[in-house]
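Under this note's numbering, think of the first position of the sequence shown as 585, with each following residue one higher. We put the beta carbon where it would ideally sit given N, CA and C, even for glycine. Read the structure below first, then the notes.
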Amino acid sequence: MKYKILILLGIVLVAATLSWFYFLKPKKELAHLIPNTSLFAFYANDFEATFTKLSEFNWYQQLDASTQLGEISSAFERFASLQKSGVLQSKITELPVVISWHTTSSSTIEPLFLIQSNGFSWKPSSIASIIKMFTDVQQVTVSTQVFNDDEITIFKAGDITLNTFINNQVLAVSTNAVLIEDVIRAANQTESRLIDKVNDLKYGSDALLIFNTKRTNELGRVFFDQSQFVAPESFPDAFLVDVTFMADDIVLKGRGGSQASADVKRGAIVAENLLPIGAYSMVWKPVAFNETYKTATGHLSGNYHSFKIDAYAGSSSKVHVFEAKAPAGLKEQLDAIAESYKPAGDSTIYQENYLNEQIGYVNKSGFLAELTNQSISEDAKVYYTVFQGNALFSANVDVLKSVLAQFDDETTWGKSVIRRGMLEELVQESEFTYLEDFEYTQEPILENLRPKWKTFFNDTPALLNMLDMLNLQLDETNNQFLLSGNLSFRSFEQSRVPAESIAMEGSLPPIAANAFANSSLSTKPFVAKNHNTGLNEVIFQDKEGSLYLVDKDGSILWKKQLPQINGEIRQVDYYNNKKLQYLMFSDSLVHIIDRNGDDLDGFPKLNNLPMAIEGFNVVDYDNSKRYRYLTYNRRGQVFLYNKEADLLDGWNPKVFGGALTRSPFHVRVLGKDAFVAVEKNRSIYLLNRRGETFDGFPVNTNSVFAGDVSFNQGPNFEGSTITVVSDEGQLLTVNLAGKKVQDLQLVKPTAASRFELVEDKLKRDFVIARTDESKLVVLDNKGNEKFEVPGFISEDFELNYYNYRNGRDVYVLFDAETEQCWLYNGKGELLCSAIPASHPVAVLYFQNSNEYEVFVNFANQMSIYKVSR
């Protein structure tokens, strides 16, 4: 609880940086005494110098061109012009300024401006003249009212009302009279001031951020639906943070008086090799433990680390990591704790092997909070594993597995040169470290904002998209809290050209690479990974049977003659040595080929199928590389092979009542394996490893299902769901106990309207495609309209959806009849002109360049297009 304040300070830094640009209107102010009602404030000794420096930076210029910051630039230039012409003799723009923000309603904050003169006195007549010059309003009325024996002067110019108070050389200005009253209290009462000493406003940087720690929860409630940001009693009333503006980032150096304890505990930066690339809201700190669990906690060092990663459809789960001193002893004690809390009536505790590691389960709500004397907020029951010298806990077992899998794939911060370098630049032991990756945290932020602020940031996406990384560290020394941090920016998203303009231009996006086959291509491009370099490659086949492997530059690495393949090409680690091979099916054979184009021993192998497959999935029950290959054909026959491509009993074949919508797939919930299969007509099936149906299945309907099948992993069978949609618009969700949890009829604008479910290629979400005679409409996962594609008439189309998060989602519409594809963003805006394509395409997003790579097969050519956001 103690350090939530620091996290909010990070949010405040972001909000303050952005709101500096948002709230500052063509009215100027500067201040000396700051009321204790202030949430946070910026102080600049020379506003013109600060503004001029900011104007040199690319991120600032881009904001100026794309947001309301342009109004501020215009206002500043107006003042500068008046000063240069001599109309305005005082150099107001060079005066010291404080901009302080205060709550005026549950979801509104307003600025208060405090401006200190330099050798001249503020006079109402002069202020009225400035207002006239600046607003071009000829009539300015001036009135006064008294508050606590001090005079408030009110200026009205048209629809503008300014309340002012002059205290010696300080002019206070606000559109809200209550804020001026707060200034008067601060001027006369020490206890009403946020900071008491004038020297506290001295700084050695571009500006000073003054953050009121006593009003953090109030600030949080302005922006978020729920706020639990409460500062501990030991914190100072205010943090004073030097802010230095740089070309690519903002540097922070802060301090504040404290009642620091003599025995300051510090936590180390640990477990970087377990930190997934997609993690966000990362924390490192020391923790103390409950003596009740001392037999287990005696094996822990006290170093703690947590982070969040995505689960499904925008949800997230937290992972808690504790550094272990004696991993073997800790594992034994955690198993004993799990045994003591096992559900009544269960003879054994839950245990599951994954990647040769054992995962356990503590069936006690709030176990981690109790273990750490409430210093960790986690109310749920948790899964755990002891791995790489650390104990990992999460309420979501699949998130825990994801951490293990990404360690195995070496896609972690510790294995990334750039990200590991970021961690190495931090102080390695501190009382608290917070790191935020805005590439992955934007959606959670937006999801929790109040409606007003959600709308604001959705309407101005550049404000969040420009943010890259935030780090904050806190320590205590010499009765002071010391704070350091950095907020970095990424390149700014350029405004989107209207779809009509793109369509009229007709120019293709630039081609990064291409390769030519001997004849027309017969498959779509399959993007594969080079296990030696980690770079992407492309594999595809032409109509003469030649199979090609092409690198990212378009060079053909090899080609190999094969029968025509059916379905997908997938990569497997057949020998479990982190070297990848290519698995595919032809009419009569199973092929596994290594990256040099050579067949593996024992392959190709007869597949013993009665007809060609429609598709297949690779099953790896526990990520042990003991693969199974699950295929299906157009008659609804499903075959399951072992790793060596031998057919398994019970699946030779498993016959359904009719054709299936898509390839059956494997899921694992609470250690139980299951296969999901959906017939086009009527039924949803859940099968065990022997091909037998689970209780409650099949779920029979009178519907004709269309499109993909979406699976949402939950904590158990009752909480895990299968979602399908019928061609008539019945959105149906059933859990793995066979119970319907949603049966919703979507709106049909016409009798001819047809629906199909489109699953996100990254398995994070789904959308629904609805065709209404001559147009295509894309609906979200609740059936709400996202956008429409007018004038769309082809019946032979395919829509693919890539949820790259944070407004980077892309929709690819492929029309086989016209051999074209179009890319749309989440607002339905075209990203480029139509691209010629003979097959569905593949899309990757690259954050550093802010571009998509679109892999396209057309005629005899494979091309990689670069498409900007």
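Query raised in the report: Is there contact here, the stretch 915 to 934 with the stretch 876 to 885, by at least three beta-carbon pairs under 8 Å?
Result: yes
Query raised in the report: In three-state terms, what does DSSP make of Pro537?
Result: The structure shown has nothing for residue 537, since the chain only spans 585 to 1453.
Query - Nonlocal neighbours in the same chain, by C-beta distance under 7 Å from Thr1025, ignoring five residues either side - result: Answer for Thr1025: Tyr864 and Ser865, listed in chain order.
Query - Beta-bridge pairing of Lys902 - partner residues as DSSP gives them - result: Lys892
Query - Contact under 8 Å by Cβ, Lys1189 with Ala1229 - result: yes
Query raised in the report: For Phe1442, which residues of its own chain have a beta-carbon under 6 Å away from its beta-carbon, when the five flanking residues on both sides are left out?
Result: Pro1420, Ala1421 and Ser1422
**Report entry** Cβ shell of Pro911 (< 6 Å), same chain only, five flanking positions each side left out
**Finding:** Val970 and Gly973
Requested in this report: Report the partner residues of Asn1300 according to the DSSP bridge assignment.
Outcome: Note: Asn1300 sits in no beta bridge, so no partner.
Requested in this report: On the DSSP bridge assignment, give the partners of Val970 in chain order.
Outcome: Ala975
**Report entry** Sufficient close CB pairs (3 or more, under 8 Å) joining the stretch 930 to 945 to the stretch 851 to 858
**Finding:** They do not touch, by the three-pair rule.
Query raised in the report: By how many angstroms is the C-alpha of Gly950 removed from the C-alpha of Gly1118?
Result: 41 Å
Query raised in the report: Who are the Cβ neighbours of Gln1125 in its own chain at under 8 Å, not counting the five residues just before and after it?
Result: Excluding residues within five positions, the ones whose Cβ falls inside 8 Å are Leu1105, Ser1106, Thr1107, Leu1131, Tyr1132, Leu1146, Gln1148 and Ile1149.
**Report entry** Residue of Phe641, Val1309 and Asn1049 minimising C-alpha distance to Ala525
**Finding:** Given that the chain is displayed from residue 585 to residue 1453, the structure contains no residue 525 and the question cannot be resolved.
Query raised in the report: So who's on the other strand from Asp734, going by DSSP bridges?
Result: Phe731
**Report entry** Integer-rounded CB distance, given that Phe1022 should sit under 8 Å from Leu1048
**Finding:** 7 Å
Query raised in the report: Among the residues of its own chain, which have a CB less than 6 Å from the CB of Ile714, if the five just before and after it don't count?
Result: Excluding sequence neighbours, Ile714 sits near nothing in its chain.
**Report entry** Nearest to Val1222 (by Cα), restricted to the options Val966, Val1260 and Asp1157
**Finding:** Val1260
Report task. Kindly indicate which three-state DSSP category Phe1240 falls into: helix, strand or coil? Result -> coil
Report task. Can you tell me which of the three DSSP states Ala1336 falls into? Result -> coil
Report task. Output the residue ranges of the beta strand (DSSP E) runs that lie fully inside the stretch 1207 to 1279 and measure 3 residues or longer, sorted by chain position. Result -> 1212 to 1216, 1221 to 1226, 1249 to 1253, 1256 to 1262 and 1265 to 1271
Requested in this report: Identify whether Val1134 lies in helix, strand or coil by the three-state DSSP scheme.
Outcome: strand
Query raised in the report: Which partner residues does Leu1167 have in the DSSP bridge list?
Result: Answer is Arg1154 and Ile1176.
Requested in this report: Using a Cβ-Cβ cut-off of 8 Å, state whether Gly840 counts as contacting chain D.
Outcome: No chain D appears in the structure shown, which is made up of a single protein chain.
Query raised in the report: What number of angstroms, rounded off, separates the C-alpha of Leu614 from the C-alpha of Pro708?
Result: Caution applies to Leu614, whose pLDDT of 43 falls short of 50 and renders its modelled position unreliable; the value that the coordinates give is listed next. So the alpha carbons of these two residues sit roughly 16 Å apart.
Query raised in the report: How many angstroms separate the CA atom of Asn887 from the CA atom of Gln1404?
Result: 55 Å
Query - Cβ-Cβ distance between Trp1037 and Ile861 below 8 Å - result: no
Report task. Could you spell out the range, first to last residue, of the alpha helix (DSSP H) harbouring Gln1026? Result -> Phe1022 to Asn1032
Query raised in the report: Buried or exposed: Ala1237, going by 16 or more other Cβ atoms within 10 Å of its Cβ?
Result: It is worth fixing the name first, because residue 1237 is Pro in this sequence and not Ala. By the 10 Å Cβ count, Pro1237 comes out buried.
**Report entry** Simplified DSSP state of Gly840, which is helix, strand or coil
**Finding:** strand
Query raised in the report: Taking DSSP as the reference, what is the three-state secondary structure of Ser776?
Result: In the displayed model, Ser776 falls within a helix according to three-state DSSP.
Query raised in the report: If you pair each beta-carbon of the stretch 999 to 1011 with each one of the stretch 976 to 989, do three or more pairs fall below 8 Å?
Result: The stretch 999 to 1011, when compared against the stretch 976 to 989, does not touch it at the 8 Å Cβ threshold.
Query raised in the report: Can the beta-carbon of Val1351 be found closer than 8 Å to that of Asp1364?
Result: yes
Report task. With distances taken Cα to Cα, identify the nearest neighbour of Ile1268 among Asn1286, Lys1136, Phe795 and Glu1401. Result -> Asn1286
Requested in this report: Starting from the Cα of Lys965, find the closest Cα among His904, Arg1004, Phe1430 and Arg777 and give me that residue.
Outcome: His904
Requested in this report: Would you check if the distance between the CB atom of Val1202 and the CB atom of Arg1246 is smaller than 8 Å?
Outcome: It is not a contact, given that the beta carbons lie outside the stated cut-off.
**Report entry** Residue(s) in a DSSP beta bridge with Phe1040
**Finding:** DSSP output for Phe1040 lists no bridge partner at all.
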